[in-house]
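Undergrad: Here it is, the structure in full.
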Amino acid sequence: MPVVMDADRIGRSLARIAHEIVERNKGTDDLAFVGVRTRGVPIARRLARALRDITGIEVPTGALDITLYRDDLMRMPVGPQPVVRSTEIAFSIDSRKILLVDDVLYTGRTTRAALDALIDFGRPKAIQLVVLVDRGHRELPIRADYVGKNLPTAPEESVQVRLQEIDGDDQVVLEQGGGA
Amino acid sequence: MTSIDHALDRQPAVTTLRRKDLLGISDLLPEEITLILDTAVAMKEVGTRPIKKVPALRGKTVANLFFEPSTRTRTSFEIAEKRLSADTLSIAIASSSVVKGETLADTALNLEAMAPDMIVLRHASSGACHFLSRICRSAIINAGDGMHEHPTQALLDAFTIRARKGQLAGLKVAIVGDLLHSRVLRSNIHLLTKMGADVWVCGPPTLIPADIGRFGVTATSHVEEAVDGADVIMLLRIQLERMEGAYFPSLREYFHVFGMTEARMRLASPDVLIMHPGPMNRGVEIASEVADGPYSVILDQVANGVAVRMAVLYLLAGGAEHDAAA
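Quick mapping for you: the protein sequence lines, in order, are chains A and B. Using my numbering, the first residue of the first sequence is number 1281, and each one after it goes up by one. Using my numbering, the first residue of the second sequence is number 5, and each one after it goes up by one.
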């Protein structure tokens, strides 16, 4: 069970991404973070803190649950429904540049669902995608704008992101054979 | 920010309903009730968006089969179905073949031949939903059957109480009115006792079912005793259409003895919630000052009904757990 990112590496990657966000957007005007539940939310909040440390400006942060937009929801003829959690976006996304944050980018289907969900909240000026790990194997024409680590994987492997806020420690682990 | 922390991320005790149908509260586990209420929190947020619609039930067909008059419940189910992108049809019995003598089973089987995924049923006979669930493949949701149960009403009542009080356990809930004919009462007793509330029921002795104590509630005909220190007062409608049995002398006398007035309400906890499942008979079970007063959450109940019904529709659309394993 090789650890592919430890706590230091995750911290440095997020600090670098925060600087890239400021550089590419020439400041923080109109920016807002939206984290995809579950683990995109604490990553979004860490990035918002890093941005405040760099610029002194607090960027609003929201949480998005994409369950109701999943493309596999009604494909399974029978089976338990995934648990729906609440979406909390306490600001208007109209005319903002939204930084959509997720932990792992894989097939791109979660991102597709998140884009559909965001559009139902308004008309952002732009959406940029931030991921901690890009593991490849895209099934849709989607790419990330900011990547913590590009990690070549086999389809049967599984990437587990652990975060202090949820799991009690920070690390990214590559597991063989699609473990839970 | 803190609310995001809060919602992050309690793993629910159960993540799915263990059944195909929602026939009543009596067969639900407390964990399933909590799952429905938690899911409804997320569904309520959908109703606050500029575009109040999510694609979760795209391609599913839901038939609303109402054999009894209903405005609130039918409208609430229809809005819930549309917000989840289901295709819905509502069959008004007055203009259907039922008036030509078709039986419930034939109506349902003919409807089912057109392959709906879910049937929402309201019927005057207790047990009509259980009957349909035995002969239909579709998921059956009970929208009120006779004097038996009205599960989504109890769920929306619980959602409303939980939203205001944080939890159900340990609350004193006084339910006052026609205890004999009320399906809302039965569903609420099952739900509130399962969730650990202290339930008091109150009405004229002629309208208190024998053996009601077996449900784990305290029964009384003294309204002051029932509401004393109550955290929640729930009024039940005096069902004028069922009052031919001379259960009490007059509506005026009922109001005088049992009606919820401001004076009686003051006996309850200072932050009491006043609830009513509707439709209200003002000046019979509830005074207008109370119904429209600051403690009334009657319109919250209606608003929350949509979110709770969305949660039920969503959770049942996936099918039962044991089906998935098969």
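Even for Gly, the Cβ is constructed at its ideal location relative to N, Cα and C.
Can you tell me whether His-154 (chain B) is helix, strand or coil according to DSSP?
TA: Position 150 of the second sequence holds residue 154 (chain B). Coil.
Undergrad: Exposed or buried, which one is Pro-1432 (chain A) when buried takes at least 16 other CB atoms within 10 Å?
TA: What you label residue 1432 (chain A) is simply residue 152 of the first sequence in a count that begins at 1. When all chains shown are included, Pro-1432 (chain A) counts as exposed.
Undergrad: Just checking my contact of Val-1321 (chain A) with Thr-1347 (chain A) at CB under 8 Å: how many whole Å lie between their CB atoms?
TA: What you label residue 1321 (chain A) is simply residue 41 of the first sequence in a count that begins at 1. What you label residue 1347 (chain A) is simply residue 67 of the first sequence in a count that begins at 1. Rounded to the nearest angstrom, the Cβ distance from Val-1321 (chain A) to Thr-1347 (chain A) is 14 Å, too far for a contact under 8 Å.
Undergrad: Could you tell me which residues DSSP puts in a beta bridge with Thr-222 (chain B)?
TA: The residue given as residue 222 (chain B) occupies position 218 in the second sequence. Partner(s): B:Trp-204.
Undergrad: How close, in whole Å, do the beta carbons of Asp-235 (chain B) and Leu-175 (chain B) come, if the pair is a contact with beta carbons under 8 Å?
TA: Against the second sequence, residue 235 (chain B) aligns to sequence position 231. Against the second sequence, residue 175 (chain B) aligns to sequence position 171. The Cβ separation is near 4 Å, so the contact holds.
Undergrad: How far does the alpha helix (DSSP H) with Gly-1291 (chain A) in it reach, from first residue to last?
TA: Locating residue 1291 (chain A) in the first sequence gives position 11, counting from the first residue. 1287-1305 is the extent of the alpha helix (DSSP H) around Gly-1291 (chain A).
Undergrad: To the nearest angstrom, how far is the alpha carbon of His-185 (chain B) from that of Met-264 (chain B)?
TA: Indexing the second sequence from 1 puts residue 185 (chain B) at position 181. Indexing the second sequence from 1 puts residue 264 (chain B) at position 260. The alpha-carbon atoms of His-185 (chain B) and Met-264 (chain B) are separated by roughly 19 Å.
Undergrad: Do Leu-21 (chain B) and Leu-319 (chain B) have their beta-carbon atoms positioned less than 8 Å apart in this structure?
TA: Locating residue 319 (chain B) in the second sequence gives position 315, where the first residue counts as 1. Locating residue 21 (chain B) in the second sequence gives position 17, where the first residue counts as 1. Yes, these two residues count as a Cβ contact at 8 Å.
Undergrad: Report yes or no: do the segment 58-76 of chain B and the segment 1337-1351 of chain A share at least 3 C-beta pairs separated by less than 8 Å?
TA: Flag = yes, the segment 58-76 of chain B and the segment 1337-1351 of chain A touch.
Undergrad: Taking the CB atoms as reference points, tell me whether Gly-181 (chain B) and Arg-218 (chain B) lie closer together than 8 Å.
TA: Within the second sequence, the letter at position 177 stands for residue 181 (chain B). Within the second sequence, the letter at position 214 stands for residue 218 (chain B). No; because the gap between Cβ atoms is not below 8 Å, this pair is not in contact.
Undergrad: Could you tell me which whole beta strand (DSSP E) segments of length 3 or greater appear in the segment 268-293 of chain B?
TA: The segment 268-293 of chain B contains these whole beta strand (DSSP E) runs: 277-279.
Undergrad: Counting only the same chain and skipping the five closest in sequence on each side, list residues whose C-beta sits under 6 Å from that of Ile-1290 (chain A).
TA: Reading the first sequence from its first residue, position 10 is the one you call residue 1290 (chain A). Scanning its chain for C-beta atoms nearer than 6 Å, with the 5 sequence neighbours on each side dropped, one finds around Ile-1290 (chain A) the residues Asp-1450, in chain order.
Undergrad: Pull the bridge partners of Asp-42 (chain B) from the DSSP assignment, please.
TA: Residue 42 (chain B) sits at position 38 when you count from the first residue of the second sequence. Answer is none; Asp-42 (chain B) lacks a bridge partner.
Undergrad: Please identify, using Cβ separations under 8 Å, the residues of the segment 250-270 of chain B that lie next to chain E, in order along the chain.
TA: Looking at the structure shown, chain E is missing, and the protein chains on hand are A and B.
Undergrad: Please report the distance separating the alpha-carbon of Leu-77 (chain B) from that of Arg-87 (chain B).
TA: Taking the first residue of the second sequence as 1, we reach residue 77 (chain B) at position 73. Taking the first residue of the second sequence as 1, we reach residue 87 (chain B) at position 83. In the sequence on display, residue 77 (chain B) carries Thr and not Leu. Rounded to whole angstroms, Thr-77 (chain B) to Arg-87 (chain B) spans 15 Å at the Cα level.
Undergrad: Which partner residues does Ser-1438 (chain A) have in the DSSP bridge list?
TA: Walking along the first sequence from the start, residue 1438 (chain A) turns up at place 158. Note: Ser-1438 (chain A) sits in a beta bridge opposite A:Glu-1455.
Undergrad: Given this structure, state the Cα-to-Cα distance separating Val-1314 (chain A) from Gly-1402 (chain A), to the nearest angstrom.
TA: Working through the first sequence from its first residue, we reach residue 1314 (chain A) at position 34. Working through the first sequence from its first residue, we reach residue 1402 (chain A) at position 122. When the Cα atoms are used, Val-1314 (chain A) and Gly-1402 (chain A) turn out to be separated by approximately 13 Å.
Undergrad: Count the C-beta pairs between the segment 122-130 of chain B and the segment 61-70 of chain B that are closer than 8 Å, then say yes if the count reaches three, no if not.
TA: yes
Undergrad: At the 8 Å Cβ level, is Ala-307 (chain B) part of the contact set with chain A, yes or no?
TA: Taking the first residue of the second sequence as position 1, residue 307 (chain B) is located at position 303. No, because no Cβ of chain A sits closer than 8 Å to the Cβ of Ala-307 (chain B).
Undergrad: If you draw a straight line from the C-alpha of Ile-144 (chain B) to the C-alpha of Ala-46 (chain B), how long is it?
TA: The sequence position of residue 144 (chain B) within the second sequence is 140, counting from 1. The sequence position of residue 46 (chain B) within the second sequence is 42, counting from 1. Taking the straight line joining both Cα atoms gives about 23 Å.
Undergrad: Near Tyr-299 (chain B), what residues of its chain come up, given a Cβ to Cβ distance below 6 Å and the 5 sequence neighbours on each side ignored?
TA: Sequence index remark: in the second sequence, residue 299 (chain B) carries index 295 (1-based). Taken in chain order, the residues that qualify are Val-276, Ile-278.
Undergrad: Using a Cβ-Cβ cut-off of 8 Å, state whether Pro-1360 (chain A) counts as contacting chain B.
TA: Within the first sequence, numbered from 1, the residue matching residue 1360 (chain A) stands at position 80. Interface residue, yes.
Undergrad: Is the shortest distance between the beta-carbon of Ser-1375 (chain A) and the beta-carbons of chain B less than 8 Å?
TA: Working through the first sequence from its first residue, we reach residue 1375 (chain A) at position 95. Taking Cβ atoms only, chain B never reaches closer than 8 Å to Ser-1375 (chain A), which makes this a no.
Undergrad: Give me the residue from A:Thr-1367, A:Gln-1361, A:Ile-1378, A:Asp-1352 with the minimum Cα distance to Thr-1390 (chain A).
TA: Here residue 1390 (chain A) is taken as the residue at index 110 of the first sequence, counted from 1. Comparing Cα positions, the closest option is A:Asp-1352.
Undergrad: For the putative contact between Leu-1380 (chain A) and Val-1316 (chain A), defined by C-beta atoms under 8 Å, what is the C-beta separation to the nearest angstrom?
TA: Translated into the one-based positions of the first sequence, residue 1380 (chain A) becomes position 100. Translated into the one-based positions of the first sequence, residue 1316 (chain A) becomes position 36. So it is a contact: roughly 7 Å between Cβ atoms.
Undergrad: Pairs of beta-carbons, one from the segment 184-198 of chain B and one from the segment 105-125 of chain B, closer than 8 Å: are there three or more?
TA: As far as the Cβ criterion goes, the segment 184-198 of chain B does not touch the segment 105-125 of chain B, which means the pair count is below three.
Undergrad: Suppose contacts are defined by Cβ-Cβ distances below 8 Å. Is Ile-216 (chain B) in contact with Val-205 (chain B) by that definition?
TA: Taking the first residue of the second sequence as 1, we reach residue 216 (chain B) at position 212. Taking the first residue of the second sequence as 1, we reach residue 205 (chain B) at position 201. A contact, by the Cβ cut-off of 8 Å.
Undergrad: Let me make sure I understand the geometry here. Which of B:Ala-223, B:Leu-27, B:Ala-267, B:Asn-308 has the alpha-carbon closest to that of Ile-290 (chain B)?
TA: Here residue 290 (chain B) corresponds to residue number 286 of the second sequence, with the count starting at 1. Cα-wise, what sits closest to Ile-290 (chain B) is B:Ala-267.
Undergrad: For the segment 20-43 of chain B, which residues have a beta carbon sitting closer than 7 Å to at least one beta carbon of chain A?
TA: From the segment 20-43 of chain B, only Thr-20, Thr-43 have a Cβ closer than 7 Å to chain A.
Undergrad: What number of angstroms, rounded off, separates the C-alpha of Thr-19 (chain B) from the C-alpha of Ala-201 (chain B)?
TA: Taking the second sequence and counting its residues from 1, the one referred to as residue 19 (chain B) is at position 15. Taking the second sequence and counting its residues from 1, the one referred to as residue 201 (chain B) is at position 197. One Cα belongs to Thr-19 (chain B), the other to Ala-201 (chain B), and the distance between them is close to 24 Å.
Undergrad: Using Cβ-Cβ distances below 8 Å, what residues of the segment 53-70 of chain B are close to chain A?
TA: The segment 53-70 of chain B vs chain A, Cβ under 8 Å: Arg-53, Pro-54, Ile-55, Lys-57, Val-58, Pro-59, Ala-60, Leu-61, Arg-62, Gly-63, Lys-64.
Undergrad: Within the segment 115-183 of chain B, note down every full beta strand (DSSP E) run reaching 3 residues or more, in order along the chain.
TA: 122-127, 143-149, 176-180
Undergrad: Compute the distance between the beta-carbons of Leu-1311 (chain A) and Ala-1397 (chain A), then report whether it is under 8 Å.
TA: Walking along the first sequence from the start, residue 1311 (chain A) turns up at place 31. Walking along the first sequence from the start, residue 1397 (chain A) turns up at place 117. No, the Cβ-Cβ distance between Leu-1311 (chain A) and Ala-1397 (chain A) is not below 8 Å.
Undergrad: Who are the neighbours of Gly-170 (chain B) on chain A, taking C-beta pairs under 7 Å?
TA: Counting from 1 along the second sequence, the entry for residue 170 (chain B) is found at position 166. Ordered by position in chain A, no residue passes the 7 Å Cβ test against Gly-170 (chain B), which lies about 16 Å from the chain.
Undergrad: Shortest alpha-carbon distance to Ile-1399 (chain A) belongs to which of A:Arg-1442, A:Lys-1377, A:Glu-1437, A:Val-1452?
TA: The residue given as residue 1399 (chain A) occupies position 119 in the first sequence. The shortest C-alpha separation from Ile-1399 (chain A) is found at A:Lys-1377.
Undergrad: Taking C-alpha atoms, which residue in B:Thr-156, B:Ser-273, B:Glu-106 lies nearest to Gly-28 (chain B)?
TA: For the purposes of this step, residue 28 (chain B) is taken as the residue at position 24 of the second sequence. Nearest of B:Thr-156, B:Ser-273, B:Glu-106 to Gly-28 (chain B), Cα basis: B:Thr-156.
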